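Visitor:
Residue numbers (this note's numbering): 93 to 296.
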């Protein structure tokens, strides 16, 4: 539907997006997610862990998120805010590149008769555990442009979701932490939580 909007409608949508960015205000109605639990195959239906939650958000808000994500990613790349060793959630980077880097590192050490050790960390429910206030602090520390910072603060706070099963749904629930599931910006924002963590790892 959005791809087939008339030029006049696109002008109004552009005006709306520009106003949101200028005011630093993300509409409340776009911060409400509809969560639909999908049953995992061969899992007991009575166990809540047997369901994969799918979060549905406004398509118009996702279009705006793509624009903001593009600007945020451009700023991050131009200022080299993400370590070169970070391969996740980045274009033209993949696990294959990371594996090649690790193999090269191990091979180099082996040729010098050295042992190589590796510690692997698995973050469970990574998006859900992001501290929103801490993320905003890191964005300030990264010197993100003020208009993006104001937008992201409005975008992250006071979000709600309702769980829908068949014809019934829950009351609105307000999460106390975490990045919105199913949102375009979540991967880029999660990436911004890593520079300080990377500095702590490399300094010890």
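Just so it is clear, CB atoms sit at the ideal spot from N, CA and C, and this is done for glycine as well.
What you are looking at is a predicted structure, and each value in this text was computed from that prediction instead of being measured.
1) Go ahead and pull the three-state DSSP assignment for residue 211.
2) Using a Cβ distance threshold of 8 angstroms, determine whether the stretch 147-156 contacts the stretch 274-287, with at least three qualifying pairs required.
3) Hey, is the stretch 203-219 in contact with the stretch 94-113, meaning 3+ C-beta pairs nearer than 8 angstroms?
4) Return the CA-CA distance between residue 136 and residue 128, expressed in angstroms with no decimal places.
5) Since residue 126 is in the alpha helix (DSSP H), which residue starts that stretch and which ends it?
6) In this structure, does DSSP put residue 117 in helix, strand or coil?
7) What do you reckon, are the CB atoms on residue 163 and residue 240 nearer than 8 angstroms?
8) Counting beta carbon pairs with one atom in the stretch 248-257 and one in the stretch 105-125, are three or more of them shorter than 8 angstroms?
9) Tell me the residue span of the beta strand (DSSP E) that contains residue 252.
10) Considering residue 231, what are the terminal residues of the alpha helix (DSSP H) in which it resides?
11) Apart from the five residues on each side of it in sequence, which residues of its chain come closer than 7 angstroms, Cβ to Cβ, to residue 143?
Guide: On the basis of the supplied data:
1) coil
2) yes
3) no
4) 17 angstroms
5) Per DSSP, residue 126 belongs to no alpha helix (DSSP H); it is in the beta strand (DSSP E), 124-131.
6) coil
7) yes
8) yes
9) 252-257
10) 224-233
11) 129, 130, 131 and 132
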